[in-house]
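The block underneath contains the structure these notes are about, expressed in structure tokens.
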Amino acid sequence: MALRKIAILGSPNVGKSVLFHRLTGRYVTVSNYPGTTVEVSRGVAELGSESYEVIDTPGMYTFLPLQEEERVARQILLTEDLFLVVHVIEAISLSRMLPLTLQLIEAELPTILVLNMMDEAHRRGITIDLIFLQEELGIPVVGAVATNGKGIEDLKQKIVKYVR
Numbered sequence: 021m022a023l024r025k026i027a028i029l030g031s032p033n034v035g036k037s038v039l040f041h042r043l044t045g046r047y048v049t050v051s052n053y054p055g056t057t058v059e060v061s062r063g064v065a066e067l068g069s070e071s072y073e074v075i076d077t078p079g080m081y082t083f084l085p086l087q088e089e090e091r092v093a094r095q096i097l098l099t100e101d102l103f104l105v106v107h108v109i110e111a112i113s114l115s116r117m118l119p120l121t122l123q124l125i126e127a128e129l130p131t132i133l134v135l136n137m138m139d140e141a142h143r144r145g146i147t148i149d150l151i152f153l154q155e156e157l158g159i160p161v162v163g164a165v166a167t168n169g170k171g172i173e174d175l176k177q178k179i180v181k182y183v184r
């Protein structure tokens with residue numbers, strides 16, 4: 021039986037590859053230059069009593085691709101039989117990155133939103149009401165700091181709960 025697929029999606033440099041490693045235990049090459057995760061990485065995550073195939077996609081700003089990397093990410097969204105999309109955004113850039121979340125919801129793709137770098141938002145005095153955001157969007161929302169693992173267990177629980 022094929023594993024259920026989870027795609028990790030988001031703009032370049034928001035922590036997708038770090039989150040991929042946290043879920044799968046597998047490292048990918050991470051670069052600070054936008055769009056350099058050109059090859060798609062795949063790994064397996066053991067969550068609850070199930071295994072999932074996790075796909076680390078190239079950076080994507082919009083559902084309407086302008087760059088080759090975005091075309092690859094969009095192709096994954098449209099052609100892979102995805103169980104779930106984990107959309108990773110920077111907590112400090114919520115208003116700039118939320119439009120892609122809305123596009124995913126509009127496309128009726130099952131989505132969990134991860135606000136990464138919550139520590140940086142806190143440092144800058146930015147407060148985000150995750151419960152309000154979750155209620156307004158109608159999808160699960162997780163606050164995280166992927167580099168130190170904060171919020172990862174919450175994400176894993178939300179993925180497992182999504183199965184039920």
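Note that this note's numbering has the sequence shown beginning at 21, numbered continuously upward. C-beta: ideal position from N, C-alpha, C; glycine also. This one's a predicted model, so the numbers in the text were calculated from it and none came from an experiment.
Whole angstroms is fine: what's the gap from residue i's alpha carbon to residue j's?
i, j, result
"T82", "I172", "25 Å"
"L135", "V64", "22 Å"
"L29", "M80", "7 Å"
"P78", "R62", "12 Å"
"D149", "A111", "11 Å"
"L153", "A141", "15 Å"
"D190", "R94", "Nothing in the structure corresponds to residue 190, since the chain is present only between 21 and 184."
"S115", "A166", "20 Å"
"K25", "V74", "6 Å"
"G45", "N168", "14 Å"
Terminal residues of the continuous alpha helix (DSSP H) containing residue i?
i, result
"V165", "Premise fails: V165 is in no alpha helix (DSSP H) and is neither H nor E."
"R42", "K36 to T44"
"L153", "L150 to L157"
Counting C-beta neighbours from all protein chains within 10 Å, is the total for residue i 16 or more, i.e. buried, or is it exposed?
i, result
"K181", "exposed"
"F40", "buried"
"G68", "exposed"
"S71", "exposed"
"I146", "exposed"
"R91", "exposed"
Tell me where the beta strand (DSSP E) around residue i begins and ends.
i, result
"G171", "Where G171 is concerned, there is no enclosing beta strand (DSSP E), given that its DSSP letter is neither H nor E."
"L29", "R24 to G30"
Could I get the ranges of all uninterrupted beta strand (DSSP E) runs contained in the region 61 to 147, with 3 residues as the minimum, in chain order?
Contiguous beta strand (DSSP E) elements confined to the region 61 to 147 occur at 61 to 67, 70 to 76, 102 to 110 and 131 to 136, taking only those with 3 or more residues.
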